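K.L.:
Quick note on numbering: the numbering used here labels position 120 of the sequence shown as 719, and the sequence is numbered without any gaps.
Could you have a look at this structure, given as structure tokens, before my questions?
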Amino acid sequence: MSITPATHSSSPIPPIDRADDTRARLDLINTRIASACQRAGRASSEVTLVAVSKTVSAARIRSAIDCGVRILGENRVQEASPKMAELSDLPSELGVRWHFIGHLQSNKARRAVELFETIHSVDTISLAERLDRAAAELGRRLRILLEVNLGGESSKSGMAGDDVATAAEKIARCNDIDLVGLMTVPPYHEQAEKVRPYFRKLRELRDELRAIVGDSCSELSMGMSHDFEIAIEEGATVVRVGTALFGSRQ
Ligand SMILES: *Cc1c(COP(=O)(O)O)cnc(C)c1O
């Protein structure tokens, strides 16, 4: 089946990569984060925005950084690597950091350690151990989160909630990676409200984990463009927002 765009053929949509648009979208997201925090009785400083820049060009990422974005989220090592190289002239005082949020194949683990400060999507003990070895060899420290597949969807990666405690105990013995929290991508629902129970469940798992491995394991990476406010109400400390900031992906 071929899909032909029915509209807009003669009147082009204004480009969404103008710095003004990025600034306005970022302002709006920050306002929405602040309101959600207020509703939940939390401080806005408790929530970190990861700007998900997959499919977004280095030039547009640069505009977003100009507007105040400091953490970028990428889901493919091959895509991120050249974009990061293009942006390597940015002054280090800006404190720009890159987070990996996609499924990580074990043969890309070493490269991921070279490129990223944090990996949100560690889904097996063996991947964590591989990252630990790579971090040791490279003389780096790496922050990791365990990805939990709460909906049990076979299309998504992530470990079962029941396996988190065992994994965390093993990872706690690794020397060069720090387990800082949990991440999830819940099943998609048109009504964002329906994902609230998944966010709540992740928070409960995090609380159980904190009792085992300590307060250093407190991050909750949950919430995307259409549901980040609900995630914040349920305790998200990191929200991963792509389309609401950069516009829809091709
Ligand atoms: C793409 C992606 C996001 C951002 O999704 P949006 O709906 O564009 O905000 C967040 N998390 C993960 C793991 C992703 O792959």
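Cβ coordinates follow ideal geometry from the N, Cα and C atoms, glycine included.
Computed from a predicted structure; not experimentally measured.
1. So is the beta-carbon of Met823 under 8 Å away from any non-hydrogen atom of ligand 1?
2. How far does the beta strand (DSSP E) with Asp777 in it extend, from its first residue to its last?
3. If you draw a straight line from the C-alpha of Thr669 to the C-alpha of Asp775, how long is it?
4. If you draw a straight line from the C-alpha of Leu804 to the C-alpha of Asp665, how long is it?
5. Would Thr647 and Thr783 qualify as a contact pair, given that the criterion is a beta-carbon distance under 9 Å?
6. Since Arg742 sits in a beta bridge, which residues does DSSP pair it with?
7. Where Ala766 and Arg696 are concerned, what is the direct C-alpha to C-alpha distance, given to the nearest angstrom?
8. Is the CB-CB distance between Thr621 and Leu844 below 9 Å?
9. Between which two residues does the beta strand (DSSP E) containing Val763 stretch?
10. Report yes if the CB atom of Ile770 is closer than 9 Å to the CB atom of Ile811, and no otherwise.
11. Out of Gly667, Phe715, Ala708 and Arg709, state which residue places its alpha-carbon closest to the alpha-carbon of Ala684.
12. Would you mind sorting Asn706 into buried or exposed? The rule is 16 or more other CB atoms within 10 Å of its CB.
13. Would you decide whether Glu673 is buried or exposed? Buried here means 16 or more other CB atoms lie within 10 Å of its CB.
14. Using alpha carbons as the reference points, say which of Arg661, Ala639 and Ile700 lies closest to Leu693.
15. For Gln849, which residues in the same chain have their Cβ closer than 7 Å to its Cβ, ignoring the five residues on either side in sequence?
16. For Phe798, which residues in the same chain have their Cβ closer than 6 Å to its Cβ, ignoring the five residues on either side in sequence?
P.N.:
According to the data block:
1. yes
2. Ile776 to Thr783
3. Checking the displayed sequence, the identity of residue 669 turns out to be Arg instead of Thr. Rounded to whole angstroms, Arg669 to Asp775 spans 24 Å at the Cα level.
4. CA-to-CA, the gap between Leu804 and Asp665 works out to about 37 Å.
5. With a cutoff of 9 Å on beta-carbon distance, Thr647 and Thr783 are scored as not near each other.
6. Beta-bridge partners assigned by DSSP to Arg742: Thr717 and Asp777.
7. 26 Å
8. Closer than 9 Å, so yes.
9. Counting along the chain, Val763 falls outside any beta strand (DSSP E), though it belongs to the alpha helix (DSSP H) covering Val763 to Ile770.
10. no
11. Looking at the Cα atoms, Phe715 is the closest of the given residues.
12. exposed
13. buried
14. Nearest of Arg661, Ala639 and Ile700 to Leu693, Cα basis: Arg661.
15. Thr654
16. Met821, Ala830 and Glu833
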